[in-house]
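Undergrad:
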Amino acid sequence: MSLSALSTFFVTSAFAQSDTNDEGVSDRFDVITVTAQRREESLLEVPLSVTAFSGELLEALHITDNKDLEVRTPGLQ
13 MSLSALSTFF VTSAFAQSDT NDEGVSDRFD VITVTAQRRE ESLLEVPLSV TAFSGELLEA
73 LHITDNKDLE VRTPGLQ
């Protein structure tokens, strides 16, 4: 095996490892639970378009009610 092929294998292996804690939850992202279909689902499993706003972003954009949110969210009626 050539040196370049070997180094590619190790780089690929390093990227394949995930950053999870003991519970198996990723340390990089917050867990977002969607209840739009009247049941709790992970954002990754929802077959819908989702726009998520953090509390900090809501404050920065001065979003205080549903009308303000409708202006900032495409497709929201």
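All the letters of the sequence shown, read from the start, carry residue numbers 13 to 89 under this note's numbering. Here a beta-carbon is modelled for each residue, glycine too, at the ideal position from N, C-alpha and C.
Which residues mark the beginning and the end of the alpha helix (DSSP H) in which residue 72 is found?
TA: In the sequence shown, residue 72 corresponds to position 60, counting from 1. 67-72 is the span of the alpha helix (DSSP H), which, as asked, contains residue 72.
Undergrad: Can you tell me whether DSSP reads residue 62 as helix, strand or coil?
TA: Here the question's residue 62 lines up with position 50 in the sequence shown. In this structure, residue 62 counts as coil in the three-state DSSP scheme.
Undergrad: What residue range is occupied by the uninterrupted alpha helix (DSSP H) comprising residue 80?
TA: The sequence position of residue 80 within the sequence shown is 68, counting from 1. From DSSP, the alpha helix (DSSP H) with residue 80 extends over 78-84.
Undergrad: Is the CB-CB distance between residue 62 and residue 55 below 8 Å?
TA: The residue you call residue 62 lines up with position 50 of the sequence shown. The residue you call residue 55 lines up with position 43 of the sequence shown. Against a cut-off of 8 Å, the Cβ pair of residue 55 and residue 62 comes out as a contact.
Undergrad: On the DSSP bridge assignment, give the partners of residue 53 in chain order.
TA: Counting from one through the sequence shown, the residue named residue 53 turns up at place 41. Looking at the DSSP assignment, residue 53 forms a beta bridge with 46.
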